[in-house]
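Chemist: First residue of the sequence shown? That's 40 in the working numbering, and the numbers climb one at a time after it. Shown below is the structure under consideration.
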Amino acid sequence: MFGPTRRGVWTAFAVVVVTAIGSASARTVRQEAQDAPRKWNRALEKEVAKLAEDWFEARPPTRFTDWDADARAKLMERAVALGEIPEGRFEDAVEIVYETARKTRAKVGKGDRIAFDTPWGEAWAYVENTKKDDGFVIGLHGGGPGAGDAAEARGNWRVSGVAAAYPQAVRLDGDAWNTVHGERFELTLLEWAKLDLGCDPDRLYTVGFSMGGTGSWFLAGRHPDWLAGAIPAHGVIMAAPQAQLATPEEVQSMQHGLLPNVRNLAMYWYTGTIDKNCMPGTYLYAHARLDELAAKDEGGYTKQRFTINEGIAHEFPPGEPKKGLDWMLDQRRETFPSVVVWEHANDPFPQRTADDPLPREVQRWFYWLRCDSPTDRMRVRATRDGTHFDLEVTGRPLKHEGFSILLNPEMVPDGAEITVTAGGADLYRGTPRPTFATLFDSFDARADRRMVFDRRVDL
40 MFGPTRRGVW TAFAVVVVTA IGSASARTVR QEAQDAPRKW NRALEKEVAK LAEDWFEARP
100 PTRFTDWDAD ARAKLMERAV ALGEIPEGRF EDAVEIVYET ARKTRAKVGK GDRIAFDTPW
160 GEAWAYVENT KKDDGFVIGL HGGGPGAGDA AEARGNWRVS GVAAAYPQAV RLDGDAWNTV
220 HGERFELTLL EWAKLDLGCD PDRLYTVGFS MGGTGSWFLA GRHPDWLAGA IPAHGVIMAA
280 PQAQLATPEE VQSMQHGLLP NVRNLAMYWY TGTIDKNCMP GTYLYAHARL DELAAKDEGG
340 YTKQRFTINE GIAHEFPPGE PKKGLDWMLD QRRETFPSVV VWEHANDPFP QRTADDPLPR
400 EVQRWFYWLR CDSPTDRMRV RATRDGTHFD LEVTGRPLKH EGFSILLNPE MVPDGAEITV
460 TAGGADLYRG TPRPTFATLF DSFDARADRR MVFDRRVDL
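Here it is as structure tokens:
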């Protein structure tokens with residue numbers, strides 16, 4: 040049930056915010072930029088590889104453990120000391136970090152099963168097609184309090200041509216995939232696919248039926264920048280006065296921090312008019328709200344495929360799930376969209392319980408945005424037009440302060456002058472420098488060799 044519910048510039052200094060994942064503590068490391076970057080040679084390659092090795096030996100192996108803040112800060116100081124990335128060597132540097140991360144990680148499981156140690160107990164998943172690296176699907180099982188079996192999802196969501204994992208919920212709570220441990224498990228599996236399997240990070244998907252559909256909608260709304268597509272079938276969305284409502288008119292409010300965020304994500308979702316297990320009210324309400332958002336946002340929310348099936352109860356409609364899977368697996372992530380909409384929820388439902396040993400991770404990264412101190416219900420609309428960026432921030436006392444614009448050569452050429460505005464005011468004009476510190480910091484955020492950056496503008 041859903042209840043009540045500096046501006047700074049990058050000029051002669053490289054500014055790097057050092058933040059432990061899952062911790063609110065941060066400190067700023069400043070180093071005077073070198074007049075010229077070091078030459079790209081074998082000695083520099085070895086230094087980058089050594090830092091990457093030490094980094095990923097110290098980095099928590101899963102999202103079930105948070106970074107040691109002091110250890111990360113020391114590694115970040117070393118990244119800052121490496122200085123600028125030589126011109127034209129961004130891809131080479133990313134490759135070293137990525138391949139070293141893959142080699143350094145301890146392997147988990149064998150055969151058709153993988154397992155991770157967690158503060159909640161063992162987290163495990165069936166896996167298939169692990170020799171495939173074109174893409175990856177997480178199939179979430181249904182169920183509820185005390186019920187739910189990974190074998191169900193494994194049977195429903197068979198795929199070929201891409202790798203897949205079918206996790207067993209760590210605890211069979213209500214809406215288990217939306218919980219603190221559910222979210223951390225899903226992110227752990229996505230990182231496992233990217234690093235252990237080497238899967239294409241632009242082809243990661245989440246699917247699920249019933250409670251699994253609820254979890255797939257949650258993951259899509261919270262972390263659309265990790266995904267290429269989602270199929271949340273016959274689920275619900277957390278709402279007031281409750282999630283189980285038959286009609287959209289009964290919905291008084293819906294969990295914030297989900298709907299606006301799927302602007303650039305491909306979603307194929309459906310429910311039935313007579314579904315009594317996961318009533319259609321919240322899905323119908325969400326569909327109407329997304330239509331409203333699309334009407335006000337040219338080019339946004341265009342990859343939504345929603346169907347309400349007449350006379351269908353809690354079951355797959357004819358032709359599903361194959362029809363949806365065929366559509367979804369053709370989708371690719373919009374990795375660097377020209378418009379980003381981010382609505383933040385600090386503590387979405389179901390909230391942390393008294394016996395949860397860890398809180399939710401603080402979500403500071405969203406596509407090519409970063410926010411040091413995200414606040415509940417803040418909403419930012421960020422646009423980029425060539426080398427010009429504009430931010431519109433609401434629901435946050437500090438407005439644009441504490442945000443960073445992240446850049447890489449695919450978005451903006453190295454050496455280009457960048458301008459940033461907000462509300463008609465000029466916030467920044469300059470040429471940010473490509474640094475190893477930004478590369479390591481951003482790669483660490485998602486373990487993603489595509490959504491990684493070499494420059495940042497701190498506002």
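Backbone N, C-alpha and C define an ideal beta-carbon position, used for all residues, glycine too.
Go to E331, then tell me how far its beta strand (DSSP E) extends in each direction, as first and last residue.
Modeler: Careful: E331 lies outside any beta strand (DSSP E), inside the alpha helix (DSSP H) at 320-334.
Chemist: Please list the terminal residues of the continuous alpha helix (DSSP H) segment that includes A154.
Modeler: First-last for A154: 152-155, but that is the beta strand (DSSP E), not the alpha helix (DSSP H).
Chemist: Just the C-alpha distance for R495 and E440, rounded to the nearest angstrom, thanks.
Modeler: Looking at the two C-alpha atoms, the distance is approximately 14 Å.
Chemist: Counting only the same chain and skipping the five closest in sequence on each side, list residues whose C-beta sits under 7 Å from that of V219.
Modeler: R391, D395, L397, P398, R399
Chemist: Please determine if the region 339-349 and the region 204-221 are in contact, where contact requires at least 3 C-beta pairs separated by less than 8 Å.
Modeler: no
Chemist: Based on Cα-Cα distance, which residue from D109, R435, A192 lies nearest to G182?
Modeler: A192
Chemist: Suppose you measure from the CA of T286 to the CA of D429; what does that come to, to the nearest Å?
Modeler: 38 Å
Chemist: I'd like to know if the region 234-243 and the region 326-334 are in contact, where contact means that at least 3 CB-CB pairs between them fall below 8 Å.
Modeler: no
Chemist: So the beta strand (DSSP E) T245 belongs to, where does it begin and stop?
Modeler: 243-248
Chemist: Below 9 Å between beta carbons: does that hold for R128 and A267?
Modeler: no
Chemist: How would you label Q291, buried or exposed, when you count the other beta carbons within 10 angstroms and need 16 or more for buried?
Modeler: exposed
Chemist: Out of curiosity, what's the CA-to-CA distance linking N168 and S199?
Modeler: 7 Å
Chemist: Can you tell which of D93, A112, E130 has its C-alpha closest to the C-alpha of W79?
Modeler: E130
Chemist: Across which residues does DSSP place L297 in a beta bridge pair?
Modeler: L297 pairs with nothing; no bridge assigned.
Chemist: Please report the distance separating the alpha-carbon of D480 from that of K361.
Modeler: 39 Å
Chemist: Please work out which residues of its chain come closer than 6 Å, Cβ to Cβ, to D493, disregarding the five sequence neighbours upstream and downstream, and give them in chain order.
Modeler: I124, F129, N447, P473, T477, L478
Chemist: Nearest CA to the CA of K170: which residue from I347, H180, A203?
Modeler: A203
Chemist: Under 8 Å, with one C-beta from each stretch per pair, do the region 455-462 and the region 417-435 reach the 3-pair mark?
Modeler: yes
Chemist: Buried or exposed: which applies to K89, given that a residue is buried once 16 or more other Cβ atoms fall within 10 Å of its Cβ?
Modeler: Exposed, since its Cβ has fewer than 16 Cβ neighbours within 10 Å.
Chemist: Assign E116 to one of three DSSP states: helix, strand, or coil.
Modeler: In this structure, E116 counts as helix in the three-state DSSP scheme.
Chemist: Please go through the same chain and pick out, in chain order, the residues whose beta-carbon is closer than 6 Å to the beta-carbon of P271, but skip the five residues on each side of it.
Modeler: G252, S255, W256, W308
Chemist: Would you report the Cα separation of A384 and T414, rounded to the nearest angstrom?
Modeler: Each residue's CA atom was taken as its position, placing A384 and T414 some 8 Å apart.
Chemist: Compute the distance between the beta-carbons of R485 and W265, then report whether it is under 9 Å.
Modeler: yes
Chemist: Under 8 Å: does the beta carbon of R98 sit that close to some heavy atom of the ligand FAD?
Modeler: This structure lacks the ligand FAD; in fact it carries no ligand of any kind.
Chemist: Considering just the uninterrupted stretch of the alpha helix (DSSP H) at A91, what are its terminal residues?
Modeler: 81-97
Chemist: Hey, T321 and I351: beta-carbon distance below 9 Å or not?
Modeler: It is not a contact, given that the beta carbons lie outside the stated cut-off.
Chemist: On the three-state DSSP scale, how would you describe E289?
Modeler: helix
Chemist: So within the region 175-216, which uninterrupted beta strand (DSSP E) runs reach at least 3 residues, ignoring any that extend past its ends?
Modeler: 175-179, 202-206
Chemist: In angstroms with no decimal places, state the Cα-to-Cα distance between M250 and L179.
Modeler: 8 Å
Chemist: State the start and end residues of the unbroken alpha helix (DSSP H) segment that holds G311.
Modeler: Here G311 belongs to no alpha helix (DSSP H); instead the beta strand (DSSP E) covers 305-311.
Chemist: My guess is that L234 and A140 are in contact by the Cβ rule of under 8 Å, so how many angstroms apart are they, rounded?
Modeler: 6 Å
Chemist: Please identify the residue among L298, Q283, F224 whose C-alpha is closest to the C-alpha of R418.
Modeler: For R418, the nearest C-alpha among the options comes from L298.
Chemist: Considering only residues of the same chain and omitting the five flanking positions on each side of S62, which have a CB-CB separation below 6 Å?
Modeler: Low confidence applies here, because S62 scores a pLDDT of 34, under 50, leaving its location unreliable; read the following figure in that light. Same-chain partners within the cutoff: A108.
Chemist: Just mark T245 as buried or exposed, buried being the case when its beta carbon has 16 or more other beta carbons within 10 Å.
Modeler: buried
Chemist: Under the rule that 16 or more other beta-carbon atoms within 10 Å means buried, what is E126, buried or exposed?
Modeler: exposed
Chemist: Kindly indicate the opening and closing residues of the beta strand (DSSP E) around H427.
Modeler: 427-433
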